[in-house]
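Structure first, commentary second.
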Amino acid sequence: MVQLTNASGTLSLDKGGAPISLTDAAASKIHAMAEEHGVQHHGVRVMVVGGGCSGLTYDMDFETEEREGDLVVEHDGVTVYVDPMSLAYLEGTKIDFVQTFSFSGFHFDNPNAQKSCGCGSSFTV
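Just so it is clear: in the sequence shown, position 49 is 1055 by this note's numbering, and no numbers are missing.
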């Protein structure tokens, strides 16, 4: 079960109904990184910012509190904060942590992205 919170209150949904979701692998990696950096509250802010070869990039950083207008999603002890502007680009996105021989990092499976760069860190809608 995923809990969503915004200014109008809290709503519980199944994982498939969340506007943005984390896989268990992503949540586990966020926990590990928070511990490694001495972060008490295992929360992250997920943002879309201008840049990259495709025009928009994903950004994540540790966060401890909700800002006005944020969507807040909780998964496996990780709180995800998304501002309204970023949510417009991230609606339906699933964040995973992938580790292969040649790549290790967070992967954004974004149904809104029309085109992504080769490394997957920037996209176009």
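Using N, Cα and C, we set each Cβ at its ideal position, and we do this for glycine too.
7 Å CB neighbourhood of residue i in its chain, flanking five on each side removed
i       : result
Pro1090 : Gly1075
Ala1032 : Ile1101, Asp1102, Phe1103 and Phe1112
Glu1069 : Gly1049, Val1050, Arg1051 and Tyr1087
Closest Cα partner of residue i within the set the options
i       : options                               : result
Gln1105 : Ser1027, Glu1041, Pro1025 and Lys1035 : Lys1035
Leu1096 : His1047, Asp1067, Ala1038 and Ala1119 : Ala1119
His1133 : Ala1024, Gly1056, Glu1080 and Gly1057 : Any answer about residue 1133 is impossible in this case: the structure gives the chain only from 1007 up to 1131.
Expected contact under 8 Å - CB spacing of residue i and residue j to nearest Å
i       : j       : result
Ser1092 : Val1054 : 4 Å
Ile1026 : Thr1085 : With a Cβ gap of about 12 Å, Ile1026 and Thr1085 do not count as contacting.
Phe1114 : Tyr1064 : 5 Å
For residue i, the residue or residues it bridges with in DSSP
i       : result
Gly1111 : Val1104
Met1066 : Val1052
Same chain, Cβ closer than 6 Å to residue i, neighbours up to 5 away in sequence not counted
i       : result
Met1066 : Val1050 and Val1052
His1047 : Thr1070
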